[in-house]
Amino acid sequence: MAIIGMNTDYFKRIRFNFTGKTPIMTKIIFKDNVPHVTIPKGFTLSNKFTLSKTRTIPVVNLLQQGATNTKLAKNGKEYRTFGMSLAPHKLSGYNTCAGSTPECRAACLDGSGLRAVWENIHIGKIARTLLYFEHRQWFMNRLDREIDNKEKNNDIKLAIRLNVVTDLNFLSVINNHPLTSFYDYTKIVKRFKVIPNNYHLTFSYTGNTKNIANCRTLLKSGHNIAVVFAGATRKLTVLPETFLGHPVINGDESDLRINDPAGSVVGLVLKADTTAHYNEYKQGRFVVSV
5 MAIIGMNTDY
15 FKRIRFNFTG
25 KTPIMTKIIF
35 KDNVPHVTIP
45 KGFTLSNKFT
55 LSKTRTIPVV
65 NLLQQGATNT
75 KLAKNGKEYR
85 TFGMSLAPHK
95 LSGYNTCAGS
105 TPECRAACLD
115 GSGLRAVWEN
125 IHIGKIARTL
135 LYFEHRQWFM
145 NRLDREIDNK
155 EKNNDIKLAI
165 RLNVVTDLNF
175 LSVINNHPLT
185 SFYDYTKIVK
195 RFKVIPNNYH
205 LTFSYTGNTK
215 NIANCRTLLK
225 SGHNIAVVFA
235 GATRKLTVLP
245 ETFLGHPVIN
255 GDESDLRIND
265 PAGSVVGLVL
275 KADTTAHYNE
285 YKQGRFVVSV
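Counting in our numbering, the sequence shown runs from 5 upward without gaps.
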């Protein structure tokens, strides 16, 4: 029996097509327990792509191998790395980045690298995000099963980043898999109140007064923060030695944050697809010029 889920009411409120009158509706139908997600023409997939025709795709897997992601592919061979890419901020119609700022949304990595070239990457992220919000039980059960399957191959350590470009709370899943290492970035400081031993969180710098105070407190407590740095041109290659009185490590050499020294600043170089965007993004408070 087919199960249909429509986020009609939600989209009537916040997502409209170009006429400004007709809600853009998505549809999810389950066939043999595999969800098929229909995303209609006119749906905004990213800051670059708007769907030119209606697409229906099956969602078979939630996790992707690290080798298929530009950032996670740098993680080396000590760990088998997997990531889960959902749609950031409100691109799906649902907010997946509660702590985001206008500046970080504008410069989001969701619009860089291969994601600036291939529309299909965004279609998959939108589909998975809709499933997370509209069929949560199926989604969480499926995620648990996928991690169970990854854990069966115990020849090498396993590391999973569940929020590649989002900031959602997956503690229930992380607690279900105490032998697997998880890591994420977050802008939500209350996440640091309770952190399982197998979960490494890095706090993201945004540059506002409250955030800077939280950064100082967390660094003093032995946690790490991530800061985006920019130079006069897009060719910045040397990061500062310290920031807020703590050593800066190069976070672009590897995405794997699990083994970072405590009390470190993870330095990330500002990414942008054009020089114009680079110069625009570095005006934001969350970017530190060097």
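The C-beta atom is built at its ideal place from N, Cα and C for all residues, glycine as well.
query: What does the Cβ neighbour count give for T279, buried or exposed, with the cut at 16 atoms within 10 Å?; result: exposed
query: How close, in whole Å, do the beta carbons of K100 and A110 come, if the pair is a contact with beta carbons under 8 Å?; result: What sits at residue 100 in the sequence shown is Thr, not Lys. Between A110 and T100 the Cβ distance is about 16 Å, and since that is not below 8 Å, they are no contact.
query: Closer than 8 Å is the cut-off here; do at least three beta carbon pairs connect the region 239 to 250 with the region 145 to 154?; result: no
query: So the candidates are T85, K224, G128 and N173; which of them puts its Cα closest to the Cα of N157?; result: T85
query: Could you tell me which residues DSSP puts in a beta bridge with D188?; result: L205
query: Beta carbon of I164, beta carbon of A102: below 8 Å?; result: no
query: Quick check on G288: buried or exposed, where buried means 16 or more other Cβ atoms within 10 Å of its Cβ?; result: buried
query: Could you give the uninterrupted runs of the beta strand (DSSP E) lying entirely in the region 30 to 77, keeping only those of 3 residues or more?; result: 31 to 35, 38 to 43 and 59 to 62
query: Give me the DSSP bridge partner(s) of C101.; result: D171
query: For A217, which of helix, strand or coil comes out of DSSP?; result: helix
query: So T206 and V270 are supposed to be a Cβ contact under 8 Å. How far apart are they, rounded?; result: 6 Å
query: If the criterion is Cβ atoms closer than 8 Å, does the pair H139 and P44 meet it?; result: no
query: Is F186 closer than 8 Å to I199 when the C-beta atoms are compared?; result: no
query: Which same chain residues, not among the five before or five after K286, have their C-beta less than 8 Å away from its C-beta?; result: A234, L274 and S293
query: Out of L172, N173, Y282 and V64, which one is the CA nearest neighbour of R238?; result: Y282
query: Is it buried or exposed for E155, if we count other Cβ within 10 angstroms and need 16 for buried?; result: exposed
query: In three-state DSSP terms, what is G128?; result: helix
query: Provide the residue span of the beta strand (DSSP E) that contains T85, from first to last.; result: Y83 to G87
query: Assign I127 to one of two classes, buried (16 or more other C-beta atoms within 10 Å of its C-beta) or exposed (fewer than that).; result: buried
query: I'd like to check one pair, T48 with L134: are the Cβ atoms closer than 8 Å?; result: no
query: Which residue from P182, F196, K194 and G87 puts its Cα closest to that of N202?; result: P182
query: Closer than 6 Å by C-beta to L166: which residues in its own chain qualify, once you throw out the five before and the five after it? Chain order, please.; result: M88 and F174
query: List the residues that DSSP assigns as beta-bridge partners of S293.; result: A234
query: Starting from R165, trace the beta strand (DSSP E) in both directions and tell me its first and last residue.; result: K161 to R165
query: Do you know how far the Cα of C219 is from the Cα of G211?; result: 10 Å
query: In the DSSP output, what is H181 paired with across the bridge?; result: DSSP lists no partner for H181.
query: Among the candidates N215, P265 and D171, whose CA atom is the shortest distance from the CA of G226?; result: P265
query: Rounded to whole angstroms, what's the CA-CA distance from D277 to S50? Just pull it up for me.; result: 14 Å
query: Going by the beta-carbon positions, is the gap between L67 and R132 smaller than 8 Å?; result: no
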